[in-house]
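I have placed the structure first, in the form of structure tokens, so that the comments after it can refer back to it.
Number of protein chains: 2
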Amino acid sequence: MRGLGTRTVLYQQNVATSLGLYNHDFISVDILREKGPITAGELSKLTGLSTGSVTALIDRLEKIGYVRRQNDPSDRRKVIIVPQYENKEEVSNTYLPLHTAMIKLASTYTPEELDLITQFLGKASTVLEEQIHHLSSIARSKSSS
Amino acid sequence: MRGLGTRTVLYQQNVATSLGLYNHDFISVDILREKGPITAGELSKLTGLSTGSVTALIDRLEKIGYVRRQNDPSDRRKVIIVPQYENKEEVSNTYLPLHTAMIKLASTYTPEELDLITQFLGKASTVLEEQIHHLSSIARSKSSS
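If you're matching them up, the sequences are chains A and B in order.
All letters in the first sequence, in the order written, are residues 1 to 145 by the UniProt record's numbering.
All letters in the second sequence, in the order written, are residues 1 to 145 by the UniProt record's numbering.
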């Protein structure tokens with residue numbers, strides 16, 4: 001699990017570098033891709049970044065066309081961040097070799113085995129999300145004391 | 001898989017922040033912990049960082065006592081980087097809540113299921129390692145052209 005974690009981090013850093021992005025910027029785009037449009041406040045919570053850092057990050061990403069700000073159609077007082085990078089060919093091209101290799105790996109398992117693995121990955125994901133909240137709340141209480 | 005990847009990256013960034021380390025420095029310590037003592041050249045290959053960046057990184061980590069340089073006992077012309085941070089209480093304390101939560105998650109599976117999951121994680125790890133080499137070799141050929 002930890003070996004996979006280390007390699008995941010390194011892989012993402014290499015993807016970010018090859019796209020010419022800061023690593024943190026890139027991860028935020030990835031969260032938006034997964035969660036869909038969310039507010040800056042929600043992005044701050046999910047990344048553990050301060051709201052100031054998130055504002056600067058959205059500015060950078062908007063400038064290069066990876067996201068755009070938009071009024072929330074369901075609540076016009078809110079501004080949501082809409083991911084735009086799915087259509088960017090450089091992004092999908094960068095991920096393609098990993099995608100292909102992972103599909104090849106998955107094809108060596110039965111549907112029942114893949115179910116079990118997917119379920120485990122989902123639960124491990126939830127555990128990590130809780131741990132991120134835990135660490136960032138400790139960091140916040142330290143910096144405010 | 002991608003959702004877990006994103007959270008892994010964010011988790012590691014939050015761990016690095018809470019230990020007051022640069023994220024890349026932290027990941028390198030983590031690789032050393034997994035691989036054991038290796039040379040700067042090997043660390044460069046595993047992280048996708050240039051040899052110059054790796055030298056600066058080892059300097060920073062040596063200064064705060066996370067690693068030390070040492071002559072390789074089996075080949076005295078070689079210098080290896082020895083991880084030192086296992087004994088650091090701040091590191092183990094930071095990881096403890098994740099460790100506990102993951103053991104709790106693992107305990108809900110049978111030994112056979114855990115075998116399958118572990119085997120999958122190992123293979124996914126290898127796939128990612130190959131992809132890191134792939135991306136960093138593209139980056140190198142770009143920067144040298």
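Glycine included, each C-beta is placed from N, C-alpha and C at the ideal position.
Predicted model only: the values in this text are computed from it and were never measured.
For the region 9-21 of chain A, the set of residues with a beta-carbon nearer than 8 Å to any beta-carbon of chain B comprises Val9, Leu10, Tyr11, Gln12, Gln13, Asn14, Val15, Thr17 and Ser18, in chain order. For the pair Thr8 (chain A) and Leu114 (chain A), the Cα-to-Cα distance works out to about 20 Å. Here Val54 (chain A) is not near Gln70 (chain A), since their CB atoms are 8 Å or more apart. The three-state secondary structure of Ile103 (chain A), taken from DSSP, is helix. Taking C-alpha positions only, Thr110 (chain A) is separated from Leu98 (chain B) by approximately 30 Å.
With contacts defined by Cβ atoms closer than 8 Å, Gly20 (chain A) and Ser125 (chain B) do not form a contacting pair. Under the three-state reduction of DSSP, Ile31 (chain A) is assigned to helix. Look at Thr39 (chain B) here: in three-state DSSP terms it is strand. Counting of Cβ neighbours within 10 angstroms places Asn93 (chain B) among the exposed residues, the total staying below 16. In the DSSP secondary-structure assignment, Gln70 (chain A) is bridged to A:Ile80. At a cut-off of 8 Å between beta-carbon atoms, Gly36 (chain B) makes no contact with chain A. Contact check for Ile38 (chain B) against Ile80 (chain B) passes: the beta carbons are separated by less than 8 Å. Counting only residues of its own chain and dropping the five nearest sequence neighbours on each side, Arg60 (chain B) has a CB closer than 8 Å to the CB of Tyr22 and Asp25. Taking the CA atoms as reference points, Thr100 (chain A) sits about 43 Å from Arg76 (chain B). In this structure, B:Val91 is the residue among B:Leu43, B:Val91 and B:Asp72 with its C-alpha nearest to the C-alpha of Ala16 (chain B). Beta-bridge annotation (DSSP): Asp115 (chain B) is not paired with any residue.
Only exposed fits Tyr95 (chain A), as fewer than 16 other CB atoms lie within 10 angstroms of its CB. Between Leu57 (chain A) and Tyr11 (chain B), the C-beta spacing is not below 8 Å. Per DSSP, the unbroken alpha helix (DSSP H) holding Thr55 (chain A) starts and ends at Thr51 to Lys63. Val29 (chain A) and Val67 (chain A) have their alpha carbons spaced roughly 8 Å apart.
Beta-bridge pairing by DSSP links Asp75 (chain A) to A:Asp72. The beta carbon of Gln70 (chain A) sits no closer than 8 Å to any beta carbon of chain B.
In this structure Gly48 (chain A) touches Ser136 (chain A) by the C-beta definition: roughly 3 Å separates them, less than 8 Å. With at least 16 other beta carbons inside 10 angstroms of its own, Gln131 (chain A) counts as buried.
Straight-line spacing of the CA atoms in Lys88 (chain A) and Ser18 (chain A) works out to 14 Å. For Lys123 (chain A), the residues of chain B that pass the 9 Å Cβ criterion are Leu105 and Thr108, in the order they occur in the chain.
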